[in-house]
Amino acid sequence: NAGVMQNPRHLVRRRGQEARLRCSPMKGHSHVYWYRQLPEEGLKFMVYLQKENIIDESGMPKERFSAEFPKEGPSILRIQQVVRGDSAAYFCASSQQGALGNTIYFGEGSWLTVV
Amino acid sequence: SQQGEEDPQALSIQEGENATMNCSYKTSINNLQWYRQNSGRGLVHLILIRSNEREKHSGRLRVTLDTSKKSSSLLITASRAADTASYFCATDGTSGSRLTFGEGTQLTVNP
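Line by line, the protein sequences give chains R and H.
Residue numbers for the first sequence follow the numbering used here, so the first one is 1 and each next one is one higher.
Residue numbers for the second sequence follow the numbering used here, so the first one is 1001 and each next one is one higher.
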């Protein structure tokens, strides 16, 4: 019973390039969350998705960032024209139902470094 | 205002001692969860306590919740070097759509 799978684990991009981070939720989970963690800080919510729908994107920067969770395949967090400030760990989490009263399981994270 | 603030920010103890970490929050919650994060790794779920519960145990972990004070504590008894990690509390607020994390407590257990 695989957990939440994220890839790549580490990604290096030059300023201006695009970063694509992938997340496969746990089997049977249809709710996916993306969080960002800056060094020495806690996790900051970015977006909450269900299959083919964005439920809450209140934590997503208005520009350059987008997320999707298609009917088939993993959830994708896409960062266009990356800048140094995008360097962070990006965590995906999933749950069987919504976060209310339910445990959310996290992946191992994708560490993005922008040089 | 930040939901889920832990204190202390850092805690260093000797193996065998107990470690207590506190979490305060500002808005109403449905439940509160504690997570552990080893350096460079993802978050591992430790325990979930609902708003109508006051105390919960899991192995060497004991979590309390005081909704009147909007605070929770995580106690790790008989600590081990392997407990060295960052510990985060997370609350779901009233939206139910996400967890809000604090900045964490960095626990170091010295052998």
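Backbone N, C-alpha and C fix where the C-beta goes; we use that ideal spot for every residue, glycine too.
What you are looking at is a predicted structure, and each value in this text was computed from that prediction instead of being measured.
Cβ-based burial, residue i [other Cβ within 10 Å; buried from 16]
i       : result
H/S1001 : Caution applies to H/S1001, whose pLDDT of 31 falls short of 50 and renders its modelled position unreliable; the model cannot decide the point.
H/N1112 : As shown, chain H starts at 1001 and ends at 1111. That puts residue 1112 of chain H outside it, with no answer to give.
H/A1085 : buried
H/L1099 : buried
R/P25   : buried
H/D1092 : buried
R/A93   : buried
R/S110  : buried
R/H10   : exposed
H/E1006 : buried
R/G85   : exposed
H/R1080 : exposed
H/E1017 : exposed
R/G16   : exposed
Where the beta strand (DSSP E) through residue i begins and ends
i       : result
R/S95   : 88-95
R/L38   : Here R/L38 belongs to no beta strand (DSSP E), and DSSP marks it neither H nor E.
H/L1074 : 1071-1076
R/R78   : 75-79
H/H1045 : 1043-1050
H/A1010 : 1010-1014
H/L1107 : 1105-1110
R/M5    : 5-7
R/R20   : 19-24
H/L1061 : 1061-1066
R/F69   : Looking at the DSSP string, R/F69 is not in any beta strand (DSSP E), and its letter there is neither H nor E.
H/R1036 : 1031-1037
H/I1087 : Note on identity: in this sequence residue 1087 of chain H is Tyr, with Ile being the wrong assignment. 1085-1091 is the extent of the beta strand (DSSP E) around H/Y1087.
H/R1054 : Careful: H/R1054 lies outside any beta strand (DSSP E) and carries neither H nor E.
H/A1019 : 1019-1024
H/L1099 : Note, H/L1099: premise wrong, no beta strand (DSSP E); not H, not E.
R/V83   : No beta strand (DSSP E) contains R/V83, which DSSP labels as neither H nor E.
R/V12   : 10-13
R/S110  : 110-114
R/I55   : 53-56
Proximal chain R residues relative to residue i, where beta-carbon distance stays under 9 Å
i       : result
H/R1041 : E108, G109
Within chain H, the residues that residue i reaches when beta carbons sit closer than 7 Å
i      : result
R/I104 : L1099
Sub-8 Å separation of residue i and residue j beta-carbons
i       : j       : result
R/F91   : R/Y48   : no
H/S1058 : H/T1064 : no
H/F1101 : R/L112  : no
R/E108  : H/R1041 : yes
R/S75   : R/A67   : yes
R/R22   : R/V115  : no
H/S1012 : H/T1108 : yes
For the region 71-98 of chain R, enumerate the residues whose C-beta is nearer than 7 Å to any C-beta of chain H, in chain order.
F91, G98
- prompt: If contact means a Cβ-Cβ distance below 8 Å, which residues of the region 1041-1059 of chain H contact chain R?
  reply: R1041, G1042, L1043, V1044, H1045, L1048, R1050
query = Listed from N- to C-terminal order along the chain, which residues in the region 22-56 of chain R have their beta-carbon within a distance smaller than 7 Å of any beta-carbon of chain H?
reply = Y33, E41, G42, L43, F45, Y48, I55, D56
Of all the residues that make up the region 1001-1028 of chain H, which are near chain R by a beta-carbon distance shorter than 7 Å? none
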